[in-house]
Amino acid sequence: QGSEAVAAAGNAEALDALRIEYLGRKGRLTGILRRLGELGADERPRVGAEANRVKDALSTLLDERAAAYAVAADTGPRVDLSLPGRARWTGQVHPVTLVIDEICEIFRDLGFSRVAGPEMETQTYNFSKLNIPLDHPAADMHDSFYLTDEVLLRTHTSPVQARVMEQFAPPIRVVVPGTVYRRDPFDASHAPAFEQVEGLAVDEGITFADFKATISAFVRRFFGNDAKTRFRPSYFPFTEPSAEVDVSCQICGGRGCSACKHTGWMEIMGAGMVHPNVFEAAGYDPERYTGYAFGMGPGRIAMQRYGIPDIRLLYESDMRFLGQF
Ligand code: PHE
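Count along the sequence shown from 1, then add 23; that gives the number in the UniProt record's numbering.
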């Protein structure tokens with residue numbers, strides 16, 4: 024009877040129940056063995072031996088079945104409860120976005136509003152209204168992504184200068200972050216699409232000294248009080264005079280390293296006083312208003328700040344890279 028029950032037991036729990044029913048402290052066989060004393064001396068050895076034989080046989084049977092179930096259970100999925108849990112995947116702010124937001128926050132404290140403009144532009148806004156003749160190399164088909172004969176992906180954020188001036192009267196103080204497009208080979212230092220932050224300040228009586236003071240204040244806040252600023256003469260059709268602004272290299276502190284090509288400086292923006300022709304095209308009186316404009320590259324600033332050696336890392340969306348910032 025016991026062996027049939029063992030054969031019918033479908034799992035390890037059923038076996039345990041049977042072991043208790045037959046062999047437990049209050050089990051059936053245990054009861055028989057315990058009551059041997061009630062039997063006569065002639066019957067006692069025979070019944071005792073038989074009971075012990077059944078008990079051993081049942082016990083062996085139970086052990087064999089239990090072992091078989093243990094092996095079967097062991098082939099299932101192994102769960103190591105001591106392993107640490109997997110962290111939930113979270114998004115990260117892109118390093119270039121971090122730099123753009125920080126730039127805009129500093130200029131917000133200086134009185135500048137953050138605005139945006141279209142990435143698809145007409146030749147008129149991208150070039151003509153900025154005093155760039157259409158036969159200028161920058162307007163060349165080979166340097167720009169043209170969508171039609173007259174419409175292209177903006178090559179810089181400067182067209183938003185014209186759009187803002189047409190929409191608002193002075194005084195103007197804006198920063199304009201956004202993506203710009205140029206037909207450059209995609210290599211370690213060039214990308215066909217990259218970010219710029221344009222700046223524009225227009226009012227009565229703004230001078231080059233205001234420009235230098237504002238940019239120097241920005242550099243100290245963004246790069247730290249020890250950072251030095253250098254203004255170099257340059258040329259842009261839409262500013263006069265024009266300048267390029269350098270900051271002492273953040274990697275070597277100005278002593279010279281491979282990151283700054285051993286010059287001790289890194290260029291952070293092109294800038295200058297707004298050209299009278301740009302005011303004229305926007306409907307502003309160039310006799311009454313003056314102002315300055317600048318355009319900086321937050322991608323290059325992020326590369327310098329975080330020691331990123333290849334611009335392509337910024338556009339590959341690899342979370343192992345992006346998760347570090
Ligand atoms: N638009 C220029 C560029 O893309 C930068 C610039 C902006 C220069 C504003 C002067 C004033 O390089």
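Every residue, glycine too, gets a C-beta built ideally from N, C-alpha and C. Model, not experiment: these values are computed from the prediction.
- Short note on A316: C-beta closer than 7 Å to some heavy atom of the ligand PHE.
- Excluding the 5 residues flanking it on each side, H285 has same chain C-beta neighbours closer than 7 Å at G279, in chain order.
- For Q146, the shortest C-beta to heavy atom distance toward the ligand PHE is 7 Å or greater.
- Classified as buried, M319 has 16 or more neighbouring CB atoms from the shown chains inside 10 Å of its CB.
- In this structure, DSSP gives G33 a state outside helix and strand, which the three-state scheme calls coil.
- Residue environment for F209: exposed (fewer than 16 other C-beta atoms within 10 angstroms of its C-beta).
- Residue side-chain check: F234 keeps its Cβ at 7 Å or more from all non-hydrogen atoms of the ligand PHE.
- For V199 against G140, the beta-carbon gap comes to about 6 Å, under 8 Å, which counts as contact.
- In this structure, V268 lies away from A240, with their beta-carbon atoms at least 8 Å apart.
- Taking S167 as the centre and dropping the five residues before and after it, the same chain places the C-beta of L175 and T178 closer than 6 Å to its C-beta, in chain order.
- Counting other Cβ atoms within 10 Å of its Cβ, E218 reaches 16 or more and is therefore classed as buried.
- Between L170 and G287, the alpha-carbon positions lie close to 40 Å from each other.
- Pairing R255 with R186, the inter-Cα distance amounts to about 28 Å.
- DSSP lists S271 as the beta-bridge partner residues of W288.
- Take the alpha-carbon of A32 and the one of S82: they are about 14 Å apart.
- Y307: not part of any alpha helix (DSSP H); DSSP gives it neither H nor E.
- Taking non-hydrogen atoms of the ligand PHE into account, the C-beta of H159 is found less than 7 Å away from none of them.
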